[in-house]
Structures are given as C-alpha cells and as structure tokens.
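Have a look at the structure below before the remarks.
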Amino acid sequence: MVICNSYQQLFAIGLFLIMLTSCTNNLKDVQNIGISDNEPIGVAENINLKYTDSGKVKAILKSPKMYDYSNMKFAYNEFTDGVNLELFEDGKKSVVISDYAIIYNKTNIIDLQGNVKITTHSNDTLFAEQLYYDQEKNWLFTNKPVTFRTGQDIINGNGFDSNSKFTNAEVLEITGLITVDE
C-alpha cells in the first residue's frame, strides 16, 4: 500500500511540475484567445471621427464600417464600405471620397480604391480608380488611369503624381486634353 501511495504522489507531483512549466505569461496570446489569425481584432460602425488641432476642426472622417487588423504582423485598417474625408485648412474645405480604403500602419500608406474623387478647396478635381497617399511625405500617386480637372483644363492620363496641396500636380502619360471655354 505504501508503494502504491508513493507512486500516486510521484505522479501527482510530476503532473503538477509539467503543468507549472508549461504555463507562460504571454499577454499577446491571452489577448488573441478566440480570434482567428485572419480575423480583425475589432470592427467599428458608423464612424464620424473629428480631428482637431488648437481647437479647430482639421478633418472629419466618415465611414459606414472599419475593420481593425492591428493584430496582424503587417497591421492595417480596412474600410470596406468606403470613406468620406473632409479636410479643412485656413477655413477652406477639400473632400476625398472612395468606395474602399486601406491604411497600412507600418508604411503610413493609404490605398484608396473605386471611384476615387478628390476635390480641393480651389475646385480642382481628380478622378481615379486607385490612388495612394503617403502620409509621411504628403504625396499622392498612382499609375492607373486618371482624369484631372484644373481651371478650364480636363486632362486624362495614365498616372498622377502630386503633393497633397496639388501645387505641383502632374498627370502622367497624357492621353487627352480638353480646354473648356466658359
């Protein structure tokens, strides 16, 4: 009986030691319990985000839905139902609209897709199917077909390159130019 009892004790101690050494304190694993590797960590609906600086509204972002994939190795936020962004500078408003958008957190690149339209406060308008925005460099670019209306000119081309204020906007590989007399 004593031999059997010591085997049971030895087994219980061994099991306890195995359980103790297999436990690790990994907060990331605990946070991801129940989340598939391909699932967003969060979903936001009916977004109406206002960004202010020094008490002044600088931007308003509206979107029906945003998926937060910050749990991925290459983190991103996805706006599957489009975005409407109003930008304010010196009391003047510019508007950015697209059917879909994705923001890559590590590279600070925003990828706008589907019926992209940017209208500046001076009424210059860019139409594109896809447009990238580099947030660090404040730079817009694409190699896809675009239509750019500036002043009386409507310029079609295959690509676009510009700073965010459109002060040096350039349509690449121009395929057509129309000047509208007013």
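In my numbering, each residue's number is its place in the sequence shown (first place is 1) plus 128.
Heads up, the beta-carbon is just placed ideally off N, CA and C, and yes, glycines get one too.
Problem - Assigned exposure category for S222 - 16 Cβ within 10 Å defines buried - result: Looking up residue 222 in the sequence shown gives position 94. S222 comes out buried.
Handout entry: Residue nearest to F269 in terms of C-alpha spacing, selected from Y179, E257, Q280
Key = Walking along the sequence shown from the start, residue 269 turns up at place 141. Nearest option by C-alpha distance: E257.
Practice task
Counting only the same chain and skipping the five closest in sequence on each side, list residues whose C-beta sits under 8 angstroms from that of D309.
Solution key: Locating residue 309 in the sequence shown gives position 181, where the first residue counts as 1. Q280, listed in sequence order.
Handout entry: Best match in S182, T278, N166, I282 for proximity to T295 [C-alpha to C-alpha]
Key = To locate residue 295, count along the sequence shown from 1; it is residue 167. Residue T278 is the option with its Cα nearest to T295.
Practice task
Please classify F276: is it buried, with 16 or more other beta-carbons within 10 angstroms of its beta-carbon, or exposed?
Solution key: Here residue 276 refers to the residue found at position 148 when the sequence shown is read from its first residue. When all chains shown are included, F276 counts as buried.
Handout entry: Rounded C-alpha distance that separates K178 from K186
Key = To locate residue 178, count along the sequence shown from 1; it is residue 50. To locate residue 186, count along the sequence shown from 1; it is residue 58. Answer to the nearest angstrom: the Cα atoms are 8 angstroms apart.
Problem - C-alpha gap between E206 and I230, whole angstroms - result: Your numbering for residue 206 matches position 78 in the sequence shown. Your numbering for residue 230 matches position 102 in the sequence shown. Using only the alpha carbons, I get a separation of about 4 angstroms.
Problem - Distance between K272 and F255 (C-alpha atoms, nearest Å) - result: If you number the sequence shown from 1, residue 255 lands on position 127. If you number the sequence shown from 1, residue 272 lands on position 144. Within the model, the alpha-carbon separation for F255 versus K272 is close to 11 angstroms.
Problem - L148 versus A203 - alpha carbon distance - result: Residue mapping note: residue 148 aligns to position 20 of the sequence shown, counting from 1. Residue mapping note: residue 203 aligns to position 75 of the sequence shown, counting from 1. Reliability of the predicted coordinates at L148 is poor, the pLDDT of 48 falling under 50, and no value is obtained from them.
Practice task
On a CA-only basis, which of V299, L213, D262, G242 is nearest Y228? Give me that one, please.
Solution key: The residue labelled residue 228 in the question sits at position 100 within the sequence shown. For Y228, the nearest C-alpha among the options comes from G242.
Exercise for the section: Drop a sphere of 10 angstroms on the beta-carbon of L305, count the other beta-carbons inside from all chains shown, and report buried for 16 or more, exposed for fewer. Expected result: The residue given as residue 305 occupies position 177 in the sequence shown. Label assigned to L305: exposed.
Practice task
Have a look at N199 and T307 and give me their C-alpha separation to the nearest angstrom.
Solution key: Taking the first residue of the sequence shown as position 1, residue 199 is located at position 71. Taking the first residue of the sequence shown as position 1, residue 307 is located at position 179. Roughly 49 angstroms between the two C-alpha positions.
Exercise for the section: Give every residue of the same chain whose Cβ lies closer than 7 angstroms to the Cβ of N291, excluding the five residues on either side of it in the sequence, and list them in chain order. Expected result: Translated into positions along the sequence shown, residue 291 becomes position 163. Result list for N291: N266, W267, in chain order.
Problem - Length of the line joining the Cα atoms of D262 and M194 - result: As a working note, residue 262 is residue 134 in the sequence shown. As a working note, residue 194 is residue 66 in the sequence shown. Taking the straight line from one Cα to the other gives about 20 angstroms.
Handout entry: Distance between N251 and E214 (C-alpha atoms, nearest Å)
Key = Indexing the sequence shown from 1 puts residue 214 at position 86. Indexing the sequence shown from 1 puts residue 251 at position 123. One C-alpha to the other measures close to 14 angstroms.
Handout entry: DSSP state of L240 mapped onto helix, strand, coil
Key = As a position in the sequence shown, residue 240 is number 112, starting the count at 1. Three-state result, L240: strand.
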